[in-house]
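Notes to accompany the following structure.
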Amino acid sequence: MYRIENIKIREELDKEELIKCICEKYRINIKDILSWRIYKKSIDARDKNDIFYNYTIDIESNNKIKHAKIVEKEKIELINLSDTPIKTRPIIIGAGPAGIFCALTLVQNGIKPIIIEQGKKIDERQKDVEKFRKTGKLNTESNVHFGEGGAGTFSDGKLTSRSE
């Protein structure tokens, strides 16, 4: 399997348009593609005047693909939470992106998690972060690293996630 990384696309495309665009960009004959999938998709918003999608895709092909690296096909096993009896409520440590998505997945499966976050809510954190940036006085319980939304709340705008 071939993996092409850092594919910059400046518009939202459906899957059919996306593979056509990638084939054109990398001079791949679309007829040679046996299968393909989006391995990773992120939005790069670090430059507010140049926001784009950044893709990594995996392709099974009849022919060698230049500018791609060879990777082993991953075996991904999904857990069916409805088959797993839950005796106690799961505890999620941290209300960053991973914690929030974990909680969402559990709730969608009828499980009520407990989320523990050491920092403050975003509105209150904003004040603490502004105070730190102006005065240098750090609130060790509420800053860019701790609180609702995690460290990504005050990041450069790039968040990467992967799902199947």
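Here the sequence shown stands for residues 0 to 163, numbered as in numbering that gives the first Met the number 0.
Every residue, glycine too, gets a C-beta built ideally from N, C-alpha and C.
Determine the DSSP secondary structure at residue i, reduced to helix, strand or coil.
i	result
K140	It should be pointed out that residue 140 corresponds to Glu in this sequence rather than to Lys. DSSP places E140 in coil when its eight states are reduced to three.
E129	helix
F153	helix
G98	helix
E123	helix
T134	helix
To which residues does DSSP link residue i through a beta bridge?
i	result
I115	I92
I3	I56
List the whole-angstrom C-beta distance separating residue i from residue j, where the pair is believed to meet the contact cut-off of C-beta under 8 Å.
i	j	result
I92	P112	About 11 Å; that fails the 8 Å criterion.
V128	F153	6 Å
R2	Y38	7 Å
Y54	K63	Wrong, their Cβ atoms sit about 20 Å apart, outside the cutoff.
Margin query: List, from N- to C-terminal side, the beta strand (DSSP E) runs of 3 residues or more that fit wholly inside the segment 8-91.
Written below: Within the segment 8-91, the runs of beta strand (DSSP E) that reach at least 3 residues and sit entirely inside it are, in chain order, 32-43 and 51-60.
Margin query: Pairs of beta-carbons, one from the segment 124-144 and one from the segment 101-115, closer than 8 Å: are there three or more?
Written below: In short, these stretches do not touch, since the Cβ pair count stays below three.
Notebook entry, point to check: If we count Cβ pairs, one from each stretch, closer than 8 Å, do we get three or more for the segment 28-37 versus the segment 48-62?
Noted result: With the cut-off at 8 Å, the segment 28-37 and the segment 48-62 touch.
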